[in-house]
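First comes the structure, then the notes that go with it.
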Amino acid sequence: MLHLQQLKYFVTIVEQGSLNKAAAALYISQPALTRQLTNLERSFDTQLLIRTPAGIKLTEAGRYLYGKAYTLLEQVRNLEKEMDRYKSIPTKTIRIGALPSLAAHYAPEAIERAQQNGEYSTEILVRDTTRELIGLLEEERIDIALVQDAPSHPHLQQRILFIDPYFLVLPVDHPLAASAAVSFFDAANEKWVLHQDPCDIRTSFRSYCIRCGIEPAPALELGFNESLLPFVARGSGLSIIPGISAASLHHPGLAVRPFLESNFFRTITVIFHSSMHETVRTLFL
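Those letters in the sequence shown? Residues 1 to 285, per the UniProt record's numbering, in order.
This is how it looks when you write it as structure tokens:
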């Protein structure tokens, strides 16, 4: 059965020019996006895209589908706008800023609570670092920020939401994958695949290495919009992933293992102006 979400994914892939960029724009993993594309091609029993070193190339069927899908999605968006007049108007729009992993795996619960509450509508703004999100709060461009390892701030309030342990991501045939849990010290001397600075997870990794007195091997560094997972699956190195993201990682070439050390984690906090205290309590606490 054809789903509108699959058409949205397909149009985004075409407009972004690659699966990597499309996955980043949609805030889903590349393997998940690839599966959706495969399901769409199976539903039409034809190939829609050809992957090339330079990106993707549309087949004749793909070009035809893109034109039709773009028009259909535009009609759906217009219909949604037209139907808005029949909705009760919420009293307040809450602007929530979040790190990518929290936007994908934590913020949706708050959005659902806001919709059930009926008093709020929500907007999500995603940024790569805690520093960026705190800056947006200071400028009052957002109302609430979901961040990690945030320092105290003289003019903002914050509450700890949960502790999120890091997990090791490695090729499924790597010797360390045979263990149910892995010591950070055993993994530290392996090659690593990490995002370039500025990156909060990269900062956590670096800080933990310093605390442990470890000098890790040089890492393969990727841009923030690039997925680390294909490089790990190909054996380019190991990586780490937050626990909140680990549960949804399903890749036949990858294994996910907890660390034996219980002190390798990030602290997830919600930061806000004092005027938002009741809203934060309703949505997050």
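Cβ atoms here follow ideal geometry from the backbone N, Cα and C, with glycine treated the same way. Just so you know, these numbers come straight off a predicted model, no measurement behind them.
For the 8 Å CB-CB criterion, P242 and R266 form a contact. A distance below 8 Å between beta-carbons, with the five flanking residues on each side excluded, links P31 to the following residues of its chain, in chain order: L229, H250, H251. Comparing alpha-carbon positions, the option among M83, D173, L222, V14 lying closest to T59 turns out to be V14. Looking at the DSSP output, G55 sits in a beta bridge with T52. It is roughly 49 Å from the alpha-carbon of K68 to the alpha-carbon of P151. Within the same chain, and ignoring the five residues on either side of V256 in sequence, the residues whose Cβ sits closer than 6 Å to its Cβ are F167, V169, A246, L249. In this chain, the beta strand (DSSP E) harbouring L168 covers 157–171. C-alpha of E261 to C-alpha of S183: approximately 6 Å in a straight line. One Cα belongs to V280, the other to P100, and the distance between them is close to 20 Å.
Following the DSSP letters along the chain, one finds S239 inside the beta strand (DSSP E) bounded by residues 239–242.
In this structure, the beta-carbon distance from I268 to L125 does not fall below 8 Å. In the three-state reduction of the DSSP assignment, G62 falls in the helix class, which pools H, G and I.
Under the 10 Å beta carbon count, T129 is surrounded by 16 or more other beta carbons and is classified as buried.
In the DSSP assignment, H277 falls within the unbroken alpha helix (DSSP H) covering 277–283. Going by DSSP, L146 is part of the beta strand (DSSP E) stretching over 144–148.
DSSP lists V182 as the bridge partner or partners of F259.
Straight across, the Cα-Cα distance linking E80 with D173 is about 48 Å. Residue environment analysis places Q115 among the exposed positions, since fewer than 16 neighbouring C-beta atoms fall within 10 angstroms of its C-beta. Setting aside the 5 residues that flank it on each side, S43 is surrounded in the same chain by L2, each with a C-beta closer than 7 Å to its C-beta; the list follows chain order. In terms of Cα proximity to G55, the closest of S18, L4, F10 is S18. Out of Q36, Q157, A180, the CA that lies nearest to the CA of K8 is found in Q36. Per DSSP, E221 is one residue of the beta strand (DSSP E) stretching across 219–222.
The shortest CA-to-CA distance from G97 to any of F272, A61, D84, I142 is the one to I142. Note on geometry: alpha-carbon atoms of L194 and D84 lie some 43 Å from one another.
Nearest neighbour of L26 by Cα position, chosen from I244, E138, Q6, E41, turns out to be Q6. A distance below 8 Å separates the beta carbons of L156 and I271. F272: member of the beta strand (DSSP E) spanning 265–272, first to last residue.
According to the DSSP assignment, I111 belongs to the alpha helix (DSSP H) that extends over 107–117. Every alpha helix (DSSP H) stretch that sits fully inside the stretch 8–36 and reaches 4 residues is listed by chain position as 19–26.
Counting along the chain, E123 sits inside the beta strand (DSSP E) bounded by residues 120–126.
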